[in-house]
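Enquirer: Before I ask anything, here is the structure I am working with.
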Amino acid sequence: MGFFKKESITEDENISISNEINNTTCDTYQTSHKNSFRRDDLSLFHTNDIEYVINNFPSMSIEIRNSLNNLAETLEDTINFIEDKSSEIIKDSRDFKLSQAHRDTSIAIYDVVENIREYIDWMKDEYEKKINKADENSEKNNVELEKIVDKELVDEDNNVEIEIFKDLTLIEPKGFRLKENLVKVDDWNDLLVKTAEILNRQYKNNKNSNKKLGYFIIDDKKSEQNSFRDTAIEMLNEYKIGLDEFIIIS
């Protein structure tokens, strides 16, 4: 999915860029970028601060993670755009210094992308640790609570059931059905927490199975609710649970 379209760059802008960067600028540009944006030097956030957000505001940590994913994708599109321009320069004017300056920038940006991807993976691991710890500390109480709230959901006549892969924009869940489990939730964050608990408790061995999952077209509309939905889908895929086996109740 592209966040930066080539068509939005005009020919005037291309000419301007080519004319403004002379050989001296290129040399300075290359030298400065050799020492900038190295992965080890890039600190997105202090890890203690993000750990605090994950532990105390888990729903916002998911929003941060999704935003970082979007940023990484935009930077990837930027790299592709710069590389295209670099190739055009070689083809049209044989300006190797300017082309190399462009490519040095692409390499520097790619270092940033890798750093962001690693940071996202770290955040995901920390989030899962929190979920697993909560599950270990309260598994018995959660099972008893589910049995109580299951009946509350069953007794309601106005429940609307929606498949997890549909567009859930503006949908606020009050529960979900995962195979034989019928669970009441307070909000999207609670849905993610309780889904993770059930998956880890009941389907832990699924992770290592060779089960083949069916293919579903996931609505790609951007919304806060669909961001939560996508996180739930990631968990279901990890535990080899078919998307048709998870129903949102609203």
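Residues 14 to 263 in the working numbering are what the sequence shown spells out, letter by letter.
Virtual Cβ for every residue (Gly too), placed ideally from N, Cα, C.
(1) Counting along the chain, where does the beta strand (DSSP E) carrying I175 start and finish?
(2) Measuring CA to CA, which of N79, E237 and I231 is closest to L4?
(3) Do the region 131 to 139 and the region 188 to 196 meet, that is, are 3 or more Cβ pairs less than 8 Å apart?
(4) Roughly how many angstroms separate the alpha carbons of Y65 and V206, rounded to a whole number?
(5) Take every Cβ of the region 207 to 223, pair it with every Cβ of the region 232 to 243, and state whether three or more of those distances are shorter than 8 Å.
(6) Might you give, ordered along the chain, the residues of its own chain that have their beta carbon closer than 6 Å to the beta carbon of I129, omitting 5 neighbours on each side?
(7) Here's the rule: buried if 16 or more other CB atoms are within 10 angstroms of the residue's CB, otherwise exposed. What is S106?
(8) State the start and end residues of the unbroken beta strand (DSSP E) segment that holds R190.
(9) Residue ranges of each beta strand (DSSP E) run of no fewer than 3 residues wholly in the region 56 to 105, ordered along the chain?
(10) Excluding the 5 residues flanking L88 on each side, which residues of the same chain have their C-beta closer than 7 Å to its C-beta?
(11) Only counting runs of 3 or more residues, tell me where the beta strand (DSSP E) segments fall wholly within the region 191 to 242, in order along the chain.
(12) Relative to the C-alpha of R116, which residue among I133, Y132, E131 and F94 is closest?
(13) Take S99 and list the residues in its own chain whose beta-carbon comes closer than 7 Å to its own, dropping the five residues that flank it on each side.
(14) Would you tell me roughly how many angstroms separate the C-alpha atoms of Q215 and I63, rounded to the nearest one?
(15) Go ahead and pull the three-state DSSP assignment for N154.
(16) Name the DSSP bridge partner or partners of F259?
(17) In angstroms, rounded to a whole number, what distance separates the CA positions of N61 and N68?
(18) Classify N250 as helix, strand or coil using the three-state DSSP reduction.
(19) Taking F70 as the reference, which of N239, N202, L249 and K110 has the closest Cα?
(20) Taking the alpha carbon of K143 as the point to measure from, which residue in I75, L249, F241 and Y228 has its own alpha carbon closest?
(21) Whole angstroms are fine: how far does the CA of N79 sit from the CA of S240?
Expert: Looking at the atomic coordinates:
(1) E174 to E176
(2) Since the first residue shown for the chain is 14 and the last is 263, residue 4 is missing from the structure and cannot be characterised.
(3) no
(4) 17 Å
(5) no
(6) L81 and A85
(7) exposed
(8) G188 to L191
(9) none
(10) I122, V125 and V126
(11) 194 to 197
(12) F94
(13) S112, H115 and R116
(14) 29 Å
(15) With a pLDDT of 48 at N154, under the threshold of 50, the modelled position of this residue cannot be trusted; read the value that follows with caution. In this structure, N154 counts as helix in the three-state DSSP scheme.
(16) L191
(17) 11 Å
(18) helix
(19) N202
(20) I75
(21) 7 Å
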